[in-house]
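Quick notes on the structure that follows.
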Amino acid sequence: MSREGTATAQVLIDGSDNSTAGVIGGYLSGVQLAAIQKITGQTAAQPVSVATRYLFNGQLDSRWFTGAGLVGVVLAILGIHC
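Heads up, the sequence shown is in this note's numbering, so the first residue is 3 and it goes up one at a time.
The structure is reproduced here in structure tokens:
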């Protein structure tokens with residue numbers, strides 16, 4: 003028996019460690035491709051769309067975080083020398 007329809011899945015990845023989040027995103031792409039091939043039998047066309055949305059810092063503006071981090075590093079260095 004076969005049914006036509008759509009389904010929605012959501013995967014949330016903590017991006018505080020961006021290198022790990024990138025690896026997990028790559029693995030999820032592979033899992034997605036394997037699932038599409040198993041369910042539909044299609045290898046070329048992908049009937050699934052993936053959208054990336056940043057929940058926090060949606061504009062990807064890092065200057066606020068870089069400035070605060072730099073102040074912390076300078077204070078740490080000054081604390082060592084004093």
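Even glycine gets a Cβ: it sits at the ideal position worked out from N, Cα and C.
If you reduce the DSSP assignment to three classes, tell me which class Val13 lands in. Along the sequence shown, one-based indexing puts residue 13 at 11. Three-state result, Val13: coil.
Give the straight-line distance between the Cα atoms of Val25 and Leu80, rounded to the nearest whole angstrom. Position 23 of the sequence shown holds residue 25. Position 78 of the sequence shown holds residue 80. The alpha-carbon atoms of Val25 and Leu80 are separated by roughly 36 Å.
What is the residue span of the alpha helix (DSSP H) that Ser28 lies within? Walking along the sequence shown from the start, residue 28 turns up at place 26. Just to set this straight, residue 28 is Gly in the shown sequence, not Ser. First-last of the alpha helix (DSSP H) with Gly28: 20-42.
Could you compute how far the alpha carbon of Gly74 sits from the alpha carbon of Tyr56? For the purposes of this step, residue 74 is taken as residue 72 along the sequence shown, with counting starting at 1. For the purposes of this step, residue 56 is taken as residue 54 along the sequence shown, with counting starting at 1. In a straight line, the C-alpha of Gly74 is about 26 Å away from that of Tyr56.
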